[in-house]
Amino acid sequence: MTSLATDLERLGAEFWEWRDATSFRTSDDIPRVERPAGWLPRFDHAAVEEFRLALAGFGERWRTIGAAGLGALPVATQVDHRLIGAALARVHWELEVLRNWERDAVFLTSQVLGPWFDLLLPPPPFDARRQADLVRVLGAIPAGVEQALANLGRAGVATLARVAAADLRDIGVRLERSVAEVAPLTDATTAAGLRAAQPGASAALERYRAWLEASADQLGADVVVGRAAFTWYLRHVALVTHDPEELVRAAMQDYRRSVVGEAATRTRYREVPEAPLAASADSESAAEAAAEAEVRAFSEASGLLSQPSSLRHYRFAPTPAYLEPLAFLGVNDDLTSIRRVGEDATSYVPEPTADLPYFDAANARDPRLGIIHEGAHSQQLALSWAQPNPLRRHFIDSVANEGIAHYNEELMLTAGLFADAPHSQTIVHNFMRLRALRVVVDVNLATGEFSLPEAVDFFVRRVPMDVGTATEETSYYVATPGLAMSYLVGKHEVMRLVADAAVAAALDGAEFSLRDVHDAVWRNGNVPMSLLRWELLGDRGDVDVLDAAGPWWEAPPGRSPLATP
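Counted from 1, the sequence shown has number 74 at position 74 by full-length UniProt numbering; the numbering is strictly sequential.
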């Protein structure tokens with residue numbers, strides 16, 4: 001290994017160690033990371049200034065490596081350098097452009113209460129470290145509330161404050177229930193510590209909710225990132241070459257295609273009764289375990305994706321009583337982590353009822369509908385975490401990860417996984433409709449064409465979906481431009497790469513293996529497709545378009561962390 005490549009590997013190791021310790025808590029499951037013992041999120045102004053200084057230091061080192069003859073090294077090494085650059089650009093995006101740490105009450109609820117939720121996600125037993133962290137996190141809630149109030153009083157946004165207040169209805173009692181349910185699973189000292197800390201934590205959260213309700217009308221208007229900043233994100237964080245308007249046009253084409261596909265399937269099987277809901281969460285979980293084995297066997301036998309026996313499983317489980325009161329705080333699953341890559345992933349499901357939310361209702365009728373998306377995440381993450389290159393084991397942006405999972409949905413539908421389940425075919429078409437509409441919502445929120453209520457109404461009418469799920473999704477997307485679009489935009493990127501690989505093989509008279517291409521994409525599932533095209537196909541056309549946008553640090557939205565040399 002050259003000294004330059006060694007410097008790059010060292011920079012990556014140090015950056016990702018810093019990132020795991022300092023990144024904000026997220027309610028999404030894909031960027032979720034295992035934190036150091038005793039970790040608490042920091043979102044005060046002094047901490048953000050520290051993060052800015054650290055970003056500048058990492059950025060200078062990254063830029064020095066790029067200017068020292070990197071172009072003479074293998075393409076794979078150049079891809080690794082660009083990956084770190086995209087990760088650095090994401091830190092700038094979060095700190096300087098989105099600024100959710102001071103604007104977004106939903107985000108701040110996530111920082112204050114989310115760490116408690118995250119510690120509950122891995123299945124029992126609760127080891128000594130996790131028990132100590134539960135006490136620490138619960139005891140830190142009052143101080144976290146005070147910091148959140150200080151941030152919002154200075155820069156808070158009214159719309160998201162109202163959403164957060166609604167999320168926190170009866171939060172004191174809900175937290176009390178969560179603590180009461182988990183305490184018996186801990187030792188006597190921990191249980192006593194939890195019981196002592198809970199009243200103060202509940203009171204602080206109720207004070208936070210009351211402040212949000214009373215103050216929302218006095219807070220600021222929604223902050224729109226704008227087209228220019230959103231395009232900067234596309235070029236430098238997501239590494240996507242298309243303009244926002246192109247993404248919307250492509251999404252509307254997919255939307256129309258999915259509507260026709262759904263209508264055709266629904267019409268053809270109009271006399272076939274819908275599959276019943278599972279009788280219970282336990283029976284749904286048992287059915288999912290059998291279905292997961294079926295999906296893996298189907299993928300292997302069909303030559304679609306390798307399924308080594310060492311690859312961990314994806315399992316459903318009934319939602320624990322200690323998790324249920326706080327389920328709004330994030331995706332209710334445990335996809336494990338780099339350090340726990342050999343452990344099975346767990347997705348928690350509620351008891352089946354007639355009024356289940358959108359995705360839960362689909363899973364309760366056919367667990368394969370969850371397996372083909374969240375199960376694809378589970379496999380992609382495990383394969384990426386286990387790959388030999390440590391620089392490719394970390395989340396960069398959702399376009400690659402969500403694109404793979406959404407691509408897998410359509411792949412399984414096309415390959416015939418649901419030949420025995422007509423209504424599941426209809427639901428997959430509806431999933432595609434939802435993901436297409438997410439692009440429209442995402443871009444229009446980012447550019448100011450949609451307000452949050454308008455985006456919620458758009459989802460409810462066009463998917464259609466329940467108001468609760470639509471509000472939950474939209475309130476998260478409004479503060480995280482680029483996430484909602486990632487499913488379809490990423491799917492199109494994967495389809496383009498796979499199609500071009502197939503055509504190139506045909507033109508060369510070479511044998512084409514769909515399995516081999518998929519294995520490479522899943523193994524490199526954190527790598528944007530624009531870079532993977534360069535490495536796998538020798539096509540740097542996308543890279544040239546990205547380079548034409550200039551270096552990420554040269555003229556970013558917000559203040560640049562690096563001075564121009």
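From the three backbone atoms N, C-alpha and C, an ideal C-beta is built for every residue, glycine too.
In the three-state reduction of the DSSP assignment, Val439 falls in the helix class. When secondary structure is reduced to three states using DSSP, Ser302 falls in the coil class, being assigned neither helix nor strand. Residue pairing for Thr346: DSSP places it in a beta bridge opposite Arg315 and Asp334.
In this structure, the alpha-carbon of Leu53 lies about 12 Å from that of Leu95. For Ser178, the closest of Leu323, Ala197 and Ser27 by C-alpha to C-alpha distance is Leu323. When C-alpha distances from Ala286 are compared across Glu14, Ala13, Arg365 and Ala250, the shortest belongs to Arg365. Straight across, the Cα-Cα distance linking Val272 with Pro422 is about 8 Å. Setting aside the 5 residues that flank it on each side, Thr2 is surrounded in the same chain by Leu73, each with a C-beta closer than 8 Å to its C-beta; the list follows chain order. Bounds of the alpha helix (DSSP H) holding Thr109 are Ala105 to Leu120.
Residue state for Gly226 is assigned as helix, using DSSP reduced to three classes.
Listed in chain order, the non-local C-beta contacts of Gly144 below 7 Å within the same chain comprise Gln111 and Val112, local neighbours out to five positions each way being set aside.
Annotation: the stretch 376-409 contains the following complete segments of the alpha helix (DSSP H) (minimum length 4 residues), in chain order: 376-385.
With the rule of 3 Cβ pairs closer than 8 Å, the stretch 80-87 counts as touching the stretch 388-408.
Per the Cβ contact rule, the stretch 497-512 is in contact with the stretch 530-538 (3 or more Cβ pairs under 8 Å). Leaving aside the five residues that flank Gly558 on each side, the residues in its chain whose CB is nearer than 6 Å to its CB run, in chain order, Glu96 and Val97. Minimum Cα-Cα distance from Met485 among the listed residues Arg435, Gly69, Thr469 and Glu472 corresponds to Arg435. In this structure, the CA atom of Phe230 is about 20 Å from the CA atom of Leu160. Cβ neighbours of Gly66 within its own chain (closer than 8 Å, five residues either side excluded): His81 and Gly85.
Judged by DSSP in its simplified three-state form, Gly558 adopts coil rather than helix or strand. When DSSP states are grouped into helix, strand and coil, Val157 belongs to the strand group. CA-CA distance, Pro453 to Val478, rounds to 11 Å. In this structure the stretch 397-406 does not lie against the stretch 215-222, because fewer than three pairs of beta carbons, one per stretch, are closer than 8 Å. Taken atom to atom, the span from the alpha-carbon of Arg90 to that of Pro276 is near 44 Å.
Here the alpha carbons of Asp282 and Glu493 stand approximately 38 Å from one another. Listed in chain order, the alpha helix (DSSP H) elements of length 4 or more contained wholly in the stretch 475-544 are 486-508, 514-523 and 529-537. A Cβ-Cβ separation of about 5 Å places Leu326 in contact with Phe117 under the 8 Å criterion. Annotated three-state conformation of Gly57 is helix, per DSSP. Counting the other CB atoms within 10 Å of its CB gives Gln253 a total below 16, which places it among the exposed residues.
By the C-beta density criterion, Thr265 is buried, having at least 16 other C-beta atoms within 10 angstroms. Tyr348 and Leu4 have their alpha carbons spaced roughly 45 Å apart. Annotation: the continuous alpha helix (DSSP H) that includes Asp133 extends over Ala128 to Gly139. Secondary structure of Gly38 (DSSP, three-state): coil. Non-local C-beta neighbours of Val456 in its own chain, meaning closer than 6 Å and more than five positions away in sequence, comprise Ala470, Thr471 and Thr474, ordered along the chain.
Burial state of Pro464 is exposed, judged by a 10 Å Cβ sphere holding fewer than 16 other Cβ atoms. Contact between the stretch 227-243 and the stretch 404-419 is absent, with fewer than three C-beta pairs closer than 8 Å.
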